[in-house]
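Numbering (this note's numbering), first residue to last: 25 to 105.
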């Protein structure tokens, strides 16, 4: 199923993030929360913080595409350094 996301949608995502206590908002593209592949937009504001986390199973991974703005990214090795 094709889903079209407009610039107006991105503005709405951003406004939702600004109003949220954690300064982020999610817009799911997948229909079910238990879907094998979860695709979503996460809109964040500068005040938000996403804790470091790890997917230890090989088949679990994440892809981040920055569509607007910038972010700081820290990558840790197996010893968390």
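Here a beta-carbon is modelled for each residue, glycine too, at the ideal position from N, C-alpha and C.
No experiment lies behind these values; they were computed from the predicted model shown.
{"Asked": "Exposure of residue 88, with buried meaning 16 or more beta-carbon neighbours within 10 Å", "Found": "exposed"}
{"Asked": "Rounded straight-line distance, which links the Cα of residue 81 to that of residue 93", "Found": "30 Å"}
{"Asked": "Span separating the alpha-carbon of residue 36 from that of residue 48", "Found": "12 Å"}
{"Asked": "Completely contained alpha helix (DSSP H) runs for the segment 26-81, where each covers 4 or more residues", "Found": "31-43"}
{"Asked": "Short Cβ contact (7 Å threshold) for residue 67 with residue 44", "Found": "no"}
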